[in-house]
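> Got a structure for you, written out below as structure tokens; questions coming shortly.
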Amino acid sequence: MKLYSRPLSPYAAAIRATAYLKNIPLKLVDLPYPFQEQIADITPVKRVPVLVTGSGTALFEAIIIAEYLEEKFTDTPLLPQDPKDRALIRLLARMAELEVLTPALNIFKLPADAADRQQKIDAQIAVIKRGLAILEERMTGEAYALGDHPTLADCWLLPIRFFLEPIKKLSNCPTLFDDFPKFDAYAANARQDDALATVWNEMHDGLVAARPHLV
Ligand SMILES: N[C@@H](CCC(=O)N[C@@H](CS)C(=O)NCC(=O)O)C(=O)O
């Protein structure tokens with residue numbers, strides 16, 4: 001299988017985390033920027049990640065790819081048996097994506113010369129804090145997002161936790177995590193896992209290459 005990816009993309013990083021945690025062999029294709037036209041023939045939305053399966057089927061949308069990998073490779077499950085527990089894991093991942101990553105990306109993509117830039121950033125920071133409060137309430141404070149073993153929630157949380165480091169700098173908001181100690185500590189906890197540490201380091205290298213002043 002081939003994964004079209006970008007090191008810093010939190011969505012692509014979520015799929016790398018899924019694959020690494022499950023020991024799934026993947027051929028990684030790290031696309032140079034701009035990449036959209038290079039994948040236009042395999043995905044109509046021209047976004048990463050894209051997974052091309054062994055039989056040549058292209059799958060896109062990170063959550064679809066992650067769920068496919070979870071269903072196809074069952075040796076190391078990242079979702080438990082109980083439907084309620086599965087739902088709670090998916091809920092944490094979804095909240096992290098919608099309520100934290102989306103406003104963080106809005107800040108990341110804001111042009112340097114945008115009118116009322118700091119005001120716009122502050123508005124997105126308020127949204128991020130609301131999202132972090134949701135995550136903080138649900139996280140267990142253990143080694144992983146929801147306990148002492150990795151789940152699909154970590155595949156989203158780890159990349160998003162990384163991505164908020166440059167966002168703190170971009171936003172002049174060094175105190176962003178002050179009210180969220182479990183989320184803050186999550187970076188160090190989860191990176192004790194080799195697979196998640198690898199994803200963190202790949203994102204770090206991607207940030208060095210793309211926006212070195214934010215490292
Ligand atoms: N909903 C998509 C979002 C993926 C996404 O936004 N990827 C970004 C990189 S982080 C991208 O490829 N952007 C290129 C573009 O929008 O032109 C998913 O879950 O896979």
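Going left to right, the sequence shown walks through residues 1 to 215 as the UniProt record's numbering numbers them.
In this text, a Cβ means the ideal position worked out from N, Cα and C, and glycines have one as well.
Just curious, the beta strand (DSSP E) that residue 60 is in, first and last residue?
Segment 58-60, the beta strand (DSSP E) holding residue 60.
> Compute the Euclidean distance between the alpha carbons of residue 162 and residue 187, then round it to the nearest angstrom.
When rounded, the distance between both Cα atoms is 7 Å.
> Of the choices 2, 213 and 10, whose alpha-carbon is the least far from that of residue 105?
Of the listed residues, the one whose Cα sits closest to residue 105 is 10.
> So, helix, strand or coil for residue 33, using DSSP?
The answer is coil: DSSP assigns residue 33 none of H, G, I, E or B.
> How many Å lie between residue 128 and residue 100 at the Cα?
Distance between the alpha carbons of residue 128 and residue 100: 5 Å.
> Can you say whether residue 18 is buried or exposed, counting buried as having 16 or more other CB atoms within 10 angstroms of its CB?
Buried: at least 16 other Cβ atoms inside 10 Å.
> Which residue wins for smallest C-alpha separation from residue 46, given the options 37, 176 and 54?
When only C-alpha atoms are compared, the closest one is 37.
> Check the DSSP bridge columns for residue 50 and list the partner residues they point to.
Its beta-bridge partners are 4 and 60.
> How about the region 139-146 and the region 113-130: do they share at least three Cβ pairs that are nearer than 8 Å?
These segments do not touch.
> Can you check which of these residues, 205, 69, 183 and 211, is closest to residue 152 by C-alpha distance?
Out of 205, 69, 183 and 211, 69 has the C-alpha closest to the C-alpha of residue 152.
> Any idea which residues DSSP pairs residue 144 with across the strands?
BP columns for residue 144 point to 147.
> Residue 12 and residue 156 - do their beta-carbons sit closer together than 8 Å?
No, the Cβ-Cβ distance between residue 156 and residue 12 is not below 8 Å.
> Please classify residue 117 as buried or exposed, where buried requires at least 16 other C-beta atoms within 10 Å of its C-beta.
The residue in question, residue 117, is exposed, as its Cβ has fewer than 16 Cβ neighbours within 10 Å.
> Looking only at C-alpha atoms, which of 32, 55 and 60 sits nearest to residue 44?
Taking only the C-alpha atoms, the option nearest residue 44 is 60.
> Give me the residue from 183, 112 and 178 with the minimum Cα distance to residue 92.
That would be 183, whose Cα lies nearest to the Cα of residue 92.
> Just tell me which of 50, 20, 109 and 27 has its CA closest to the CA of residue 73.
Among 50, 20, 109 and 27, the Cα nearest to that of residue 73 is on 20.
> Can the beta-carbon of residue 62 be found less than 8 Å from the beta-carbon of residue 77?
The answer is no: Cβ separation not under 8 Å.
> Check whether the Cβ of residue 62 lies closer than 7 Å to any heavy atom of ligand 1, and answer yes or no.
Yes, the Cβ of residue 62 comes within 7 Å of a heavy atom of ligand 1.
> Mind checking whether residue 39 and residue 26 have CB atoms under 8 Å apart?
No, these two residues do not count as a Cβ contact at 8 Å.
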